[in-house]
Amino acid sequence: MMRASRKRRLVIAGVLVTGVSVAVLLTLLALRENINLFYSPSQVVAGEVVEGSYFRIGGMVVDGSVRRNPDDLQVSFDLTDTAETVTVHYSGILPDLFREGQGIVALGRLEDHGFRADQVLAKHDENYMPPEVSEALKAANRQPYAPAATGGGS
Amino acid sequence: MIPELGHFALVLALVLGLVLAVLPLVGAQRGISTWIALARPAAQSQLLLIAFSYACLTAAFLGSDFSVAYVANHSNSQLPLIYRISGVWGGHEGSLLLWVLILSLWMGAVTVFSRSIPDPMTARVLAVMGMISVGFLLFMIFTSNPFERMFPVPREGRDLNPLLQDIGLAVHPPMLYLGYVGFSVVFSFAIAAMIQGRFDAAWARWSRPWTNAAWMFLTVGIALGSWWAYYELGWGGWWFWDPVENASFMPWLIGTALIHSLAATEKRGVFKAWTILLAVLAFSLSLLGTFLVRSGVLVSVHAFATDPSRGVFILIFLGLVIGGSLLLYAWRVPGIISHVTFSPLSREGALLLNNVFLGVLCFSVLLGTLYPLILDALNLGKISVGPPYFDLVFSIIGIPMTVLIGVGALLRWKKDRFSRVHTTVWSLGAASLAAGGLVPAMMPFYSAAAGLGVAAGSFVVLLSVWGVLDRTRRGQRRAGLSATPGWFYGMTCAHIGVGMFIVGVTLTTVYNVERDVRLGKNESYVIHDYEFVFRGTSGGDGPNYRYIRGQFDVYRENHLVTRLFPEKRTYLVQQNPMTEAAISPGWTRDLYVALGEPLDDRDTWAVRIYYKPFIRWIWAGALAMALGGLIGAADRRYRRKQSSMQAAGSPGTA
């Protein structure tokens, strides 16, 4: 009797341990496959990005650089960290807070004519600067970025 | 004067909290009945003080007292009344006050609904909750005082973030907090049981309705947040795997595991140590959620606070609570051994597997949420973990889980034979597969993935319904139905909710159509049978914003289905543009239109047109789950006075 219940427990414990390990392993694998790295325009220009990889790029939208195609929703703009500039192409509607001079993050990959974005993110706060972007700006420029400088006070 | 009174009430509440945290606990250990008797009145007085303080802050909002910095930063004289009331929790300090108020409300509820529980136990529980209140009150008084004055007094307030000026988000935080903080009750029961050193089924029995109630609020809170994101953010998604969403989802997953584990502990006396650990984890994750959102360590739409000193305080508090309770656990719990055995194929076995699945899911969310933060903190690079990771993990674990939910609920305690249920499982399984084969055939195109999801969802629903019928087969149906206990209906309702949720998620994901299009006046765009005709825009003024309103006439087979009026708003104070989508809701589809931006001066616009099939099933499913939690919490069994010995010894009924 005792033996049977002990054996049963062992089976349960064994199944659990194997199951959990397999699940954790799969989770870690899935995580490794689905991480998006962040690069600044300087890093992109310097060729640090692995070819064909899907990544995030962040910087400030250059004033006067937004060009919209009149016939469809193709739009392109220049993204800068003040040292280097990368042209971003996007098709669709930009977020409410996308403005020239604003810090944004785009998700996509490099192609021949620049960066092809699937997603453009601008946060719902005019003074907000994505932390990656403000750091990239700091790294690229000796001048630390002060968010209030372009946001317009409120 | 009123703000000072509110502040003073908070300080008094802190003093009372200190008394509550110490005396009843010592009294319960030493058997000093006067000190034990102190717990209820102390908790109730603390509730009155905090409620008064909360009323003072609300009064400052209603009276637009901009000398209070918090009011000046989160209100405006043009702000509509309802958002002045909800504006109280529109920022960091006020939401903390709401957190503490809700903690007090739960404590008040414990003082009222604990008549069947021995007084020393109630005293310990209230003392532990008192400790939590001390931590939060200290935090508020020293780092985040909502009553701080501001000089010179600004003439006008900076207004509430326009995103928060919405009824969905007005109700979302209180619901979420009711859930988060509600887990403090079961946490306190677990701590009290550990302090007392008694782990019989009694503590599990007392904790169950509280856990159910907290879980219900959390479910509603998360669903509201998802619904709000869907219509207010203007992207039409219902879940973004944003760290802030994950922060509320993790305690939900562990809370769900806890509900199931508590059932096994109460009925069969198994998983005692594990249940205690889950209770500790559920509340710890709730605190972590508060920390993640409130400390500014995450950056997302929800993270309004960015003061690191606050983060450090919460981190220390978090360390004390989690570390302290885990130490207590390590010290007290190893002694308990369940002498109960069960076969792998039994309800216990199914509940165990359920806990494993939920635990792994929670772990994967925790990993995906914290991994980028840890890498960033160690300067190992900036990464983000996107939806593909979470989607992959959840779809892999989701399928076996649905089978488990369906079959597990049918199994009997202790030992069961598959031959007893196999006819049901196979025949209803076949029916579900048939549903999975048929439903995609009625959709615009055929998808095996959609079929699989519909089959999984139907399987859960069919087996849950069959579970109720099964109980009533012998003898009269009506008598059987009324003899079936409330918790069983609660479980059935929640499981049906899970099934609806799965169907909704699958069909929305596979068949949703999202188009960004360029539309001139009287031009149209067709999605499936629906023709969206753009009739142009007109402008106007709202209470505290200006708007441009578009009109879209939607036709199906040349009949007008609906008229949609999406808006582009500019809030006057903060000058932020806001997109107000227009949605025509339905059980089988939502039609969703949002204005992008004007493309020329002849009223040509970039327009977002979405077709979202079955998306309402997602929230309807969540509401059914919450309703199940409510039915479970209201089960009369929990309110009956019963000695702990009896409860511990009674064998479970299937």
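Sequence lines, in order, name chains A and B. For what it's worth, my numbering labels the leading residue of the first sequence as 13, then goes sequentially. For what it's worth, my numbering labels the leading residue of the second sequence as 2, then goes sequentially. Where is the CB? At the ideal position from N, CA and C, for every residue including glycine. Every value quoted in this text rests on a predicted model; they were computed, and no experiment measured them.
Under three-state DSSP, which class holds T39 of chain A? helix
Going along the region 48 to 59 of chain A in order, which residues come within less than 8 Å of chain B, judged by CB to CB distance? N48, L49, F50
Going by beta-carbon coordinates alone, are P345 of chain B and R20 of chain A separated by less than 8 Å? yes
Cutting at 8 Å between CB atoms, please list the residues of its own chain near H173 of chain B, excluding the five before and the five after it. G222, L225, G226, W229
Would you check if there are 3 or more beta carbon pairs closer than 8 Å linking the region 318 to 325 of chain B to the region 161 to 172 of chain B? no
Taking contact to mean at least 3 C-beta pairs separated by less than 8 Å, is the region 59 to 71 of chain B in contact with the region 116 to 127 of chain B? no
Taking C-alpha atoms, which residue in B:W253, B:L362, B:L470 lies nearest to L411 of chain B? B:L470
Could you check what DSSP says for A193 of chain B in three-state terms: helix, strand or coil? helix
Where does T493 of chain B fall in DSSP's three states? helix
With a CB to CB cut of under 6 Å and the five nearest residues on each side skipped, what residues in its chain are close to R564 of chain B? D554
Taking a cut of 8 Å between CB atoms, which residues from the region 72 to 89 of chain A lie near chain B? R80, P82, D83, D84, L85
Closer than 9 Å between beta carbons: that is the criterion. Which residues of the region 131 to 152 of chain B meet it against chain A? none
G382 of chain B versus T144 of chain B: straight-line alpha-carbon distance, rounded: 31 Å
Between I406 of chain B and V499 of chain B, is the Cβ-Cβ spacing less than 8 Å? yes
For F314 of chain B, which of B:L138, B:G633, B:I584 has the nearest alpha-carbon? B:L138
Stretch pair the region 72 to 88 of chain B + the region 48 to 56 of chain B: three plus CB contacts closer than 8 Å: no
At which residue ranges does the region 85 to 111 of chain A contain complete beta strand (DSSP E) runs of 3 or more residues, listed in the order of the chain? 86 to 92, 97 to 103
Inter-residue spacing [alpha-carbon to alpha-carbon] between L97 of chain B and R570 of chain B: 30 Å
Entirely within the region 40 to 64 of chain A and at least 3 residues each: give me those beta strand (DSSP E) ranges in chain order. 47 to 51
Taking a cut of 9 Å between CB atoms, which residues from the region 259 to 289 of chain B lie near chain A? none
If I follow the unbroken beta strand (DSSP E) through G120 of chain A, where does it start and stop? 115 to 123
State the Cα-Cα distance for the pair V506 of chain B and W618 of chain B, rounded to the nearest angstrom. 8 Å
Given this structure, state the Cα-to-Cα distance separating P163 of chain B from N146 of chain B, to the nearest angstrom. 23 Å
Mark Q55 of chain A as exposed unless 16 or more other C-beta atoms lie within 10 angstroms of its C-beta, in which case mark it buried. buried
Same chain only: Cβ atoms within 7 Å of V20 of chain B, ignoring 5 sequence neighbours per side: A43
I need the straight-line Cα distance from P119 of chain B to Q47 of chain B, nearest angstrom please. 22 Å
Please compile the residues from chain B whose C-beta is within a distance smaller than 8 Å of the C-beta of L28 of chain A. L353, V357
With 16 as the cutoff for other CB atoms within 10 Å, does P544 of chain B come out buried or exposed? exposed
Is any beta-carbon of chain B found at less than 8 Å from that of T39 of chain A? yes
Using a Cβ-Cβ cut-off of less than 7 Å, give me the residues of the region 373 to 392 of chain B that come near chain A, in sequence order. G382, K383, I384, S385, V386, G387, P389, Y390
What residue range does the alpha helix (DSSP H) around Q131 of chain A cover? Premise fails: Q131 of chain A lies in the beta strand (DSSP E), 126 to 133, not in any alpha helix (DSSP H).
Quick check: the Cα distance between R536 of chain B and L520 of chain B, rounded to an integer number of angstroms? 10 Å
Length-filtered (4 minimum) alpha helix (DSSP H) runs lying within the region 75 to 125 of chain B: 82 to 87, 93 to 113
Tell me which residues share the same chain as G92 of chain B and place their Cβ nearer than 7 Å to its Cβ, disregarding the 5 neighbours each side in the sequence. Y71, N74, H75, F305
Output yes if chain B places a C-beta closer than 8 Å to the C-beta of G104 of chain A; else output no. yes
Three-state secondary structure (DSSP) at E532 of chain B? strand
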